[in-house]
Amino acid sequence: MTSKQTPINSGFDGATTATQALAGKDLHGMTAIVTGGYSGIGLEAVRVLAGAGAQVIVPARDALKAERNLRGIRGVELASLDLFDAASIDRFAQDFLASGRALHLLINSAGIMATPLQRNANGLEAQFATNHLGHFQLTARLWPALCKTSGARVVTVSSLGHRLSPLHFEDPQFERRAYDKWLAYGQSKTANALFAVALDQRGRACDVRAFSVHPGEILTDLLRYLDKDDLAFVGALDEHGNIRPASHYKNPEQGAATMVWCGVSPQLEGLGGLYCEDCDVAAPAHDERGRNGVYPWAVDLEHAERLWALSERLCGVTL
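Shown next, in the form of structure tokens:
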């Protein structure tokens with residue numbers, strides 16, 4: 015049985031910050047891993063979790079940037095990880111498991127958006143490989159540590175961008191169709207949401223629950239690949255062709271709130287496999303013009319199971 019995509023009236027909203035979402039919770043004794051935890055909303059999540067007492071491991075592809083951005087934050091460990099490289103994922107996970115620690119929270123926040131066509135050593139398209147398959151493999155490898163503790167959670171950052179495309183199961187790697195960077199991004203974000211659905215089904219037996227998150231619209235480093243046409247496509251420009259003012263967007267503190275809330279809030283006990291936004295469970299989306307809610311194709315259990323089987327085959331890993 016899956017949990018229902020029905021808001022729980024959490025009392026929070028889109029203006030809630032990550033600190034407010036913690037609601038004063040003491041996280042001493044908790045170990046968390048946050049991919050992408052050295053920039054944007056991932057960095058804010060790390061700052062808040064560590065500030066509440068958690069020990070936070072930040073795996074980084076760019077060690078110098080990570081050291082610079084995380085300097086001065088106590089309770090943070092840096093490690094090497096490239097989600098585009100299967101061997102790097104295995105090394106990171108093996109090192110963590112060798113430490114013998116239980117893992118209470120895994121936040122899969124790292125990602126890329128609307129990149130030119132790239133493929134990894136196994137021929138996998140970069141956005142699908144990085145945003146979904148890398149996190150799938152990482153979670154599977156870390157599974158023994160997640161199952162060591164009661165009530166562990168896995169939070170994966172999806173996006174409003176899931177609306178751009180369902181999973182194209184017949185050609186997910188753009189081997190037979192023309193590459194479209196936005197369709198590729200959209201299906202990777204749909205995959206993030208479907209991953210939470212299927213993972214939650216498997217995690218219940220050892221009390222591991224999974225959620226996906228739309229953090230909101232935020233100005234972050236994800237925009238680095240976008241030209242003016244792209245910015246117009248995502249609604250970042252006003253009627254005069256200028257980037258909308260900062261007040262139009264969530265700030266990083268607000269953008270990190272939902273993934274922190276999903277990671278630690280007692281309001282979600284007994285729930286899982288849900289797509290969340292604005293520190294609440296999202297409602298199903300019925301209006302293409304709206305900016306809230308989740309499309310059915312991103313929370314469909316049959317699609318989630320089909321993606322799980324595909325991911326196992328492409329990564330060569332299982333739980």
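Those letters in the sequence shown? Residues 15 to 333, per this note's numbering, in order. For each residue, glycine too, the CB sits at the ideal point set by N, CA and C.
Integer-rounded CB distance, given that residue j should sit under 8 Å from residue i
i    : j    : result
V274 : F225 : About 11 Å separates the two Cβ atoms, so there is no contact after all.
R115 : T45  : 5 Å
Identity of the residue in the options nearest residue i by Cα
i    : options                   : result
N134 : G175, S102, E302 and L117 : S102
F106 : R75, G86, T129 and H118   : R75
S113 : E91, P310 and I126        : E91
W196 : E139, R115 and L285       : E139
S172 : G287, P280, E81 and A77   : G287
L63  : A312, A271 and P298       : A271
H149 : D104, R177 and P180       : D104
L117 : Q187, A77, R61 and L41    : L41
T421 : R61, L321, K79 and I71    : Summary: the structure shown does not reach residue 421, with the chain confined to residues 15 through 333, and so no result is reported for it.
Environment of residue i [buried if 16+ CB atoms lie within 10 Å]
i    : result
P21  : exposed
F183 : exposed
G54  : buried
E316 : exposed
Q108 : exposed
A166 : buried
A323 : exposed
S325 : buried
H228 : buried
T332 : exposed
G50  : buried
Inter-residue Cα distance where the pair is residue i and residue j
i    : j    : result
Y193 : A68  : 41 Å
F209 : L120 : 14 Å
T30  : E189 : 42 Å
S202 : R85  : 31 Å
R303 : G175 : 13 Å
R218 : I126 : 30 Å
K39  : D185 : 44 Å
L282 : E319 : 23 Å
R327 : V295 : 31 Å
A66  : D96  : 27 Å
S24  : C293 : 7 Å
Q151 : G56  : 20 Å
L147 : Q19  : 24 Å
L36  : R191 : 44 Å
T129 : C220 : 37 Å
Opening and closing residue of the beta strand (DSSP E) in which residue i lies
i    : result
S226 : V222 to H228
Q69  : Q69 to A74
A166 : A166 to V171
V48  : T45 to T49
Span of the alpha helix (DSSP H) around residue i
i    : result
V274 : A271 to V278
A207 : K195 to G217
Cβ-heavy atom distance, residue i to the ligand ZN, below 8 Å
i   : result
D40 : This structure lacks the ligand ZN; in fact it carries no ligand of any kind.
Chain D contact for residue i (CB, 9 Å cutoff)
i    : result
R320 : Within the model displayed, chain D is absent; a lone protein chain is all it includes.
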